[in-house]
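Chemist:
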Amino acid sequence: MQSSSRRMGVMTDVHRRFLQLLMTHGVMEEREVAHLQKHCYKVHDSSATADKLEDFINNINSVLESLYIEIKKGITEDDGRPIYALVNLATTPVSKMASDYAENELDLFRKALELIIDSESGFASSTNILNLVDQLKGKRMRKKEAEQVLQKFVQNKWLIEKEGEFTLHGRAILEMEQYIRGMYPDSVKTCNICHGLLIQGQSCETCGIRMHLPCVAKYFQANPEPHCPHCNDYWPHEIPVFDPEKEGEPTISRPHRKSLRSRQH
Amino acid sequence: MSEASKAAACAPDPAGATPRSVMHAMPEMPGGDPQPLAAQAASLPGPDIPPLGPGHARPRSPPPPAPEDEEDDDDAEMEEDDEDDDPKALLQAAEEGRAPPAPGAAQAGPPPPAPAQLVQKAHELMWYVLVKDQQRMVLWFPDMVKDVIGSYKKWCRSILRRTSLILARVFGLHLRLASLHTMEFSLVKALEPEELDRVALGNRMPMTGLLLMILSLIYVKGRGARESAVWNVLRILGLRPWKKHTTFADVRRLITEEFVQQNYLKYQRVPYVEPPEYEFFWGPRANREITKLQIMEFLARVFKKDPQAWPSRYREALEEARALREAQPSAHCPRSSVSED
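In order, the protein sequences belong to chains A and B. All residue numbers for the first sequence refer to the working numbering, where the first residue is 1 and numbers rise by one. All residue numbers for the second sequence refer to the working numbering, where the first residue is 1 and numbers rise by one.
#1: Measuring only the C-alpha atoms, how far is Y278/B from A124/A?
#2: To the nearest angstrom, how far is the alpha carbon of C204/A from that of A222/A?
#3: Decide if the region 277–296 of chain B is in contact with the region 316–327 of chain B; the criterion is three or more beta carbon pairs, one per stretch, under 8 Å apart.
#4: Using C-beta distances below 8 Å, list every residue in its chain close to T271/A, excluding the 5 sequence neighbours before and after it, in chain order.
#5: Considering only the beta carbon of each residue, do Y234/A and I193/A sit closer than 7 Å?
#6: Just how far apart, CA to CA, sit L44/B and K157/A?
#7: Since L86/A and M23/A should fall inside the 8 Å C-beta cutoff, what is the C-beta to C-beta distance between them, to a whole number of angstroms?
#8: What does the Cβ neighbour count give for W155/B, buried or exposed, with the cut at 16 atoms within 10 Å?
#9: Does the beta carbon of Y68/A come closer than 7 Å to any beta carbon on chain B?
#10: Per DSSP, V188/B is paired with what?
#11: Here's the rule: buried if 16 or more other CB atoms are within 10 angstroms of the residue's CB, otherwise exposed. What is E289/B?
#12: Looking only at C-alpha atoms, which of R181/A, P82/A and T206/A sits nearest to E32/A?
#13: Taking C-beta pairs closer than 7 Å, name the residues in chain A that A249/B reaches, listed in chain order.
#14: At which residues does the alpha helix (DSSP H) containing Y128/B begin and terminate?
#15: So Q262/B and R235/B are in contact, right, with Cβ under 8 Å, and what is the actual spacing, rounded?
#16: On the DSSP bridge assignment, give the partners of D250/B in chain order.
#17: What does DSSP give as the partner residues of V27/A in its beta bridges?
#18: Could you check whether the Cβ of R16/A sits closer than 7 Å to any Cβ belonging to chain B?
#19: With burial defined as no fewer than 16 other Cβ atoms inside 10 Å of the residue's Cβ, what is the status of A146/A: buried or exposed?
#20: Provide the residue span of the alpha helix (DSSP H) that contains E279/B, from first to last.
#21: Cβ closer than 8 Å: which chain B residues qualify as neighbours of N58/A?
#22: Indicate whether at least one CB of chain B lies closer than 7 Å to the CB of N88/A.
#23: Per DSSP, what kind of secondary structure is H212/A in: helix, strand or coil?
#24: Looking only at C-alpha atoms, which of H25/A, E165/A, F18/A and E103/A sits nearest to L136/A?
#25: Among the residues of its own chain, which have a CB less than 8 Å from the CB of R7/A, if the five just before and after it don't count?
#26: If you follow the beta strand (DSSP E) that F166/A is part of, which residue opens it and which one closes it?
#27: Taking only beta-carbon positions, decide if Q20/A is within less than 7 Å of chain B.
#28: Quick one: any contact between the region 125–136 of chain B and the region 155–172 of chain B, if contact means 3 or more CB pairs under 8 Å?
#29: Along chain B, in chain order, which residues have C-beta atoms closer than 8 Å to that of M11/A?
#30: Checking contacts by CB at 7 Å: is Q262/B closer than that to chain A?
#31: CB-CB under 7 Å to Y356/B, same chain, minus the five flanking residues each way: which ones, in chain order?
#32: Does any residue of chain A have a CB that is nearer than 7 Å to the CB of W127/B?
#33: Under 7 Å, CB to CB, which of the residues in the region 124–152 of chain A have a partner in chain B?
#34: If you reduce the DSSP assignment to three classes, tell me which class K157/A lands in.
#35: Going along the region 145–170 of chain B in order, which residues come within less than 8 Å of chain A, judged by CB to CB distance?
#36: Is T291/B helix, strand or coil when you go by DSSP?
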């Protein structure tokens, strides 16, 4: 069978255990991933020096390529922390959450997803989502049940909840980017800097282009006079400052001028 | 877990298929959809998502009653010995059971698919298995056929074989038939050394910790744990039945419904007690996946004591460990990803 052994990457038990545990956790932050890598080396091959994380992951990905799966790296939209997840690149229904949820639960997620994508802030209020409960496919769902299903999505890291509003978890963005772009090509937003899918971010009030908060932070780093990269108008928002090493809230480097539409984690 | 240990596991050899049928009457399978899994069964998102292959505009596979048809066709005998658990034999029986009543050359199905399609199906099945396992859902064979294999069910043997191979080579996981009765598969770690993957990641699998806490309580008590006792313990962790928790959300629902659905716990009414009270027991999945020694180590870690502080339980755990070792000359005890990650 044509599989891993033919590829340039070599799978050892170190890599296998890494993959197992990454899959178990679903999504992991970069720091945890580095720990995990060290742990796998320790268990299986303590004499070897660990590859650099990037090479380690690229090596594994070269093997996974023929299976249409990949260890993908992303950045959390609200505080710029790098995260990793094992994602399926195929867009067949089976590959996404389909196997875990009932038809009406999946439809609830789809409704919430649409609201989130269409919203200006990237958040959909619990009320608005629950009001759509009557339109769900499948078995009829009461609002109380729907609340619980939404909590299940939060638990399984598909959604994040803040103050009664829901947005997509970094993991969902990583796993579903292709699917979302395919399903909602007209309403989907993208970042002007990294061209990735954008749910939360800042936008230019003049020309409407958008940027992720971490992308804003990087682009305008230490720039006292930020201007829109597209229309050159003054950038009216506060520029966040992220330190990916530290865990915690990003700091705001400027005095408050306009209300910041981003949420702190 | 003798069945799983003896299974040919990842690569059942092609020569091994015998015409013998191992399907038998399955009284515990309800005539309709099994209740807890019904929710997962109808899980496809529907026509929204553009299908990538022909397998998706497919007719639904026949529901569980199909195995019952088998009874009429075969003098099936239930054999409990070794080769029985070859997944291939199971599949063959499934295929026989599901053959249309008027088998002809032109069945209601597509012509033999291109090899590339079978490979793609194997990849889909691999991901399906991984995700189900990640979510601690039961890997039920009829679900696998219905959700993934679909109209390719005649080739499900080769698809399954390929999937097992990939899982073993790339992930170091064995797809094993955990129970022939219930047609459940499980994904078992196959890497040596089979130790607790207690990675120093902090409390990254809080569900596991919560579950282990409850299982430990039941184990130490030596019998079922009343719900009130469980809440006393959980209160120490700051969990209350009425309070929503940041990680667990609705804790009560999690332990009385989700863990029960996943077969890790049993939640039963205490007989003859008024007003009604409920108690927790180990579920069949916990019995299969979690060893007593793991519980002792968990207790030791949490309470910072030596496992000998629970002498009779520790002795029991050691006995179980010895029995498991003797039952399996091939070193490790099959465990799933629930252990300590």
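Glycine included, each C-beta is placed from N, C-alpha and C at the ideal position.
Modeler: On the basis of the supplied data:
#1: 38 Å
#2: 19 Å
#3: yes
#4: One cannot answer for residue 271/A here, as it falls past the ends of chain A, which runs 1 to 265.
#5: no
#6: The predicted model places L44/B with a pLDDT of 35, which falls under 50 and marks its position as unreliable, so this point remains unresolved.
#7: 5 Å
#8: buried
#9: yes
#10: H174/B
#11: buried
#12: P82/A
#13: Q151, V154 and Q155
#14: P115 to Q134
#15: That pair is no contact at about 24 Å.
#16: K244/B
#17: A85/A
#18: yes
#19: buried
#20: Note, E279/B: premise wrong, no alpha helix (DSSP H); beta strand (DSSP E) at Y278 to W282.
#21: The contacting residues do not exist; N58/A stays about 15 Å from chain B at best.
#22: yes
#23: coil
#24: E103/A
#25: Unreliable positioning characterises R7/A in this predicted model, as indicated by a pLDDT of 46, which lies under 50. The coordinate reading is nonetheless provided below. Contacts found: S62, V63, E65 and S66.
#26: E165 to L168
#27: yes
#28: yes
#29: R169 and V170
#30: no
#31: Outside the displayed range of chain B (1 to 341) lies residue 356/B, so it cannot be described from this structure.
#32: yes
#33: K137, G138, Q148 and Q151
#34: coil
#35: D147, V148, R162, L165, I166, R169 and V170
#36: coil
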